[in-house]
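Asker:
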Amino acid sequence: MSREESYRSRLARHRAPSVAGAESGHEGSDDPGGENVVIDCGWGRLIFAHTFRDNRVLADTLLAESEGRRDIAFYVNDPHVLLAMEPQHLFLDPSHTYRLWLDRYKVSPLRPRGYTVRLLNRREDAEAVHRVYLSRNMIPPPIEFMWDKRASRAIQIFVAADIHSGEILGAATGVDHANAFNDPEQGASLWALAVDAQARLPGIGQALVRHMAEYFIARGRSYLDLSVMHNNREAIRLYEHLKFERIPAFSVKKKNPYNEPLFIGTRPEESLNPYAKLITREAQRRGISINVLDAAAGFFELSLGGRTITCRESLSELTTSIAMSRCDDKAVTHRILRKAGLRVPDQVEVRDPAEAEAFLKRHGAVVVKPARGEQGMGISVDVRTSEDLAHAIEEARQHSDTILLEQFAAGFDLRIIVIDGRVVAAAVRKPPHIKGTGRDTVRELIAKQSRRREAATDGESRIPFDRETLRCVKDAGYDMDEILPYAVDLTVRKTANLHTGGTLHDVTGKLHPALKKAAVEAAAAIDIPVTGLDFIVPDPTAGDYVIIEANERPGLANHEPQPTAERFIDLLFPSTTAQ
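Structure representation (C-alpha cells):
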C-alpha cells in the first residue's frame with residue numbers, strides 16, 4: 172500500500188465518537204475538538220468535512236454560509252453523496268488538492284533578498300493585507316479578525332514585508348490541523364496566498380510557501396496541503412516546482428454570487444477581456460442581459476426593458492463621434508483643453524528635423540508621441556539627446572503619420588476617471604520598475620516582473636523588450652545581460668501605461684479638490700460622458716498639474732476598491748441605480 176493510500180485509509184477511519192453540530196461552540200476556537208470542525212478564516216469558514224460523520228449535518232453547515240463569505244468544505248470523502256442532497260445549492264469545486272510531505276522538503280540555499288517573511292504582528296500589517304486581497308479580487312478577512320488572530324495556535328497569517336519600507340508585498344494563511352482539531356495525521360494547510368500585483372521583487376509567493384513549510388516542519392507537522400484552481404497554471408507550476416503532489420481530495424462549496432463563475436459553466440461574456448468583463452458582471456448583477464457581439468474587440472450589447480446600448484468596453488453609444496474624435500487626436504485634445512483655460516504642456520507637431528531639434532533645445536527634455544494611438548504605443552518619455560529624438564520619432568511614426576513633441580513634465584502620472592460629470596476614481600500610474608537581487612540579470616528581472624504583471628491583469632499588462640525598454644536601461648547605465656546589484660531600483664520604461672507594465676495605485680481619497688475640478692472641466696470641454704484624463708502632477712494631494720491626454724475608452728479595471736463599473740452602469744441604466 173502506498174503512503175497516499177495508507178493516508179486515505181487512516182483518514183476514512185478518523186471519525187469522532189459522537190456528532191456535534193456546527194453550532195457546538197467550537198467554531199473558530201484554537202482547540203475545537205475532533206468532530207464537525209469548522210474554522211473561521213475571516214474570508215469564510217474552512218469546514219473539515221472528514222470530521223463530519225453525517226453528510227446531512229455537513230450539507231446544513233455549508234448552507235449556513237453567511238452573506239459575503241466563501242466557505243469551503245475540504246477533504247470531502249463522498250462528494251457525490253453530499254451533492255445529491257442539495258444539487259441546487261452545492262457544487263464540486265473545480266480545484267486540485269496538492270500536498271507537500273514535509274519530511275521530503277528540501278531547504279533552498281537561496282533566501283529572500285530585499286524582503287522578509289514573518290508572522291503578522293502589527294495592526295498596520297492587517298490593514299495592508301486587507302488591501303492586498305482587495306487588489307487581487309479576493310474576499311479579505313476583516314482587519315479586526317486578522318489582528319485578533321495574531322496569537323492563534325490554529326491560524327497563522329504570514330506576510331512578506333519589504334525590509335526597507337516595511338510595505339507588505341504578500342500574504343498567506345496557514346492552518347495548523349493539530350491545534351485546530353487534534354488531527355491524528357499532524358497535518359497543516361495553506362490558504363489565500365496572494366502577492367501584491369505591484370510588487371517589484373521576485374520570488375515572493377515561493378518565499379511565503381517555503382517559510383510556511385519550514386514553520387510547520389519546526390512544529391513537527393507531517394504535510395502541508397493546499398487547494399488551487401485547476402486552470403491556475405502559474406500557481407501550479409510554483410507548487411510542483413516545490414515538489415507538491417496531487418492527492419485525490421475534493422472540496423465542495425455553496426452556490427453564491429462570488430462562486431458563480433465556478434458552477435455556471437462558460438458564458439459568452441467570459442471570453443471578453445478584463446475591462447469588458449468587469450462591466451458585464453456588474454450588468455449581470457443588476458439583471459441586465461448581455462449579448463456579446465465581438466469578444467476579441469470587446470463589443471457587447473446591454474439590454475433591459477426596451478433600452479439597448481452597445482458598448483466597446485467603457486466606450487458606449489452615449490459618447491458621440493465628435494467627442495471620440497476630440498480624444499482620438501491628441502493635438503485636438505490639447506487645443507480644446509488649452510482654450511478651456513486648463514493647464515497643458517507646450518506642444519508642437521513634427522514637420523522637419525530642425526524644428527524638432529529646436530523644440531528639444533528649448534525644453535531640454537521632451538515626450539515624443541503619435542498624434543493617434545492608445546495603450547502607450549509609440550510613446551517615448553524624457554528624451555534628451557538628438558540621437559534618441561531621431562529614434563523616438565521613427566518609433567512613433569510606426570503608429571501614426573502625425574508626430575507630436577511635448578514639453579516633458581516631471582512628476583507623478585495621474586489617471587482620473589470621470590463618469591457623468593463626477594470623479595469616480597484616481598490612481599497614480601507608475602512606470603515598470605525592477606529591483607536588483609544581486610543574482611539575476613536585468614533581462615531576467617524584467618521577464619519575471621512581466622510574468623507577474625501579466626498574471627495579475629489577465630494578460631493585459633506586460634513589459635515589452637523593445638527599443639524604448641533598451642533605451643531606458645542603457646540610460647540608467649546598465650546592459651540587459653548585466654546582473655543588477657542588490658536593492659538597486661531600476662525604471663525600465665518611462666511610460667506608465669498599464670499595457671506596457673505600469674502599475675496603478677489608488678489615490679482617490681486624497682485627491683486635491685483643484686485636480687477634481689480640472690478633471691470635471693476637461694470632460695465638460697470635450698463633452699464626453701466617460702473619460703480617463705491623464706495628468707502629470709508633483710503631488711496628487713496638491714493643486715499643481717498639467718493635462719497631457721484624454722481617453723475615450725478608459726480601462727475601468729484595476730481601480731479597486733473604487734466603484735468604476737457600478738458608476739458606468741448607473742450612467743447607462745439609471746433605473747437600476749441603488750437608491
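All residue numbers for the sequence shown refer to my numbering, where the first residue is 172 and numbers rise by one.
Cβ coordinates follow ideal geometry from the N, Cα and C atoms, glycine included.
Just so you know, these numbers come straight off a predicted model, no measurement behind them.
(1) Compute the distance between the beta-carbons of Ala-494 and Ile-699, then report whether it is under 8 Å.
(2) Please give me, in chain order, every unbroken run of the beta strand (DSSP E) with length at least 3 that falls completely inside the region 368-400.
(3) State the DSSP-derived secondary structure class of Thr-344, mapped to helix, strand or coil.
(4) Considering just the uninterrupted stretch of the alpha helix (DSSP H) at Pro-524, what are its terminal residues?
(5) Could you name the residues of the same chain whose beta carbon sits closer than 6 Å to that of Gln-620, not counting the 5 residues immediately before and after it, in chain order?
(6) What are the boundary residues of the alpha helix (DSSP H) that includes Val-701?
(7) DSSP state of Gln-357, grouped into three classes?
(8) Out of Pro-258, Ser-632, Val-595 and Thr-662, state which residue places its alpha-carbon closest to the alpha-carbon of Gly-680.
(9) Figure out for me which residue from Gly-469, Glu-488, Ala-626 and Phe-470 has the closest Cα to the Cα of Arg-478.
(10) Can you give me the C-alpha to C-alpha distance between Thr-702 and Asn-444, rounded to a whole angstrom?
(11) Since Tyr-716 sits in a beta bridge, which residues does DSSP pair it with?
(12) Look up Ala-561 in the DSSP assignment and say whether it is helix, strand or coil.
(13) On the three-state DSSP scale, how would you describe Ile-634?
(14) How should Arg-289 be labelled, buried or exposed, when 16 other C-beta atoms within 10 angstroms of its C-beta is the threshold for buried?
(15) Which two residues bound the contiguous beta strand (DSSP E) that contains Asn-462?
(16) Quick one: is Gly-630 buried, meaning 16 or more other Cβ sit within 10 Å of its Cβ, or exposed?
(17) Go ahead and label Pro-250 buried or exposed: buried means 16 or more other beta carbons lie within 10 angstroms of its beta carbon, across all protein chains shown.
(18) Taking the CB atoms as reference points, tell me whether Ile-617 and Val-663 lie closer together than 8 Å.
(19) Would Ile-310 and Arg-216 qualify as a contact pair, given that the criterion is a beta-carbon distance under 8 Å?
(20) Going by Cα to Cα distance, which pick from Leu-229, Glu-526 and Ser-571 is closest to Thr-548?
(21) I need the straight-line Cα distance from Asn-668 to Arg-633, nearest angstrom please.
(22) Which stretch, first to last residue, makes up the beta strand (DSSP E) that contains Phe-470?
(23) Quick check on Tyr-657: buried or exposed, where buried means 16 or more other Cβ atoms within 10 Å of its Cβ?
(24) How about Ile-564 and Val-539: do their beta carbons lie closer than 8 Å?
(25) Buried or exposed, going by whether 16 or more other CB atoms sit within 10 Å of the CB of Ser-360?
(26) In whole angstroms, what is the alpha-carbon distance linking Arg-452 and Leu-464?
(27) Do you know offhand how far Arg-227's Cα is from Pro-602's?
Answerer: According to the structure shown:
(1) yes
(2) 394-400
(3) strand
(4) 524-534
(5) Ile-605
(6) Here Val-701 belongs to no alpha helix (DSSP H); instead the beta strand (DSSP E) covers 701-708.
(7) coil
(8) Val-595
(9) Glu-488
(10) 19 Å
(11) Its beta-bridge partners do not exist; DSSP assigns none.
(12) helix
(13) coil
(14) exposed
(15) 460-465
(16) exposed
(17) buried
(18) yes
(19) no
(20) The identity of residue 548 in the sequence shown is Met, whereas the question assumes Thr. Among Leu-229, Glu-526 and Ser-571, the Cα nearest to that of Met-548 is on Ser-571.
(21) 10 Å
(22) 470-475
(23) exposed
(24) yes
(25) buried
(26) 16 Å
(27) 54 Å
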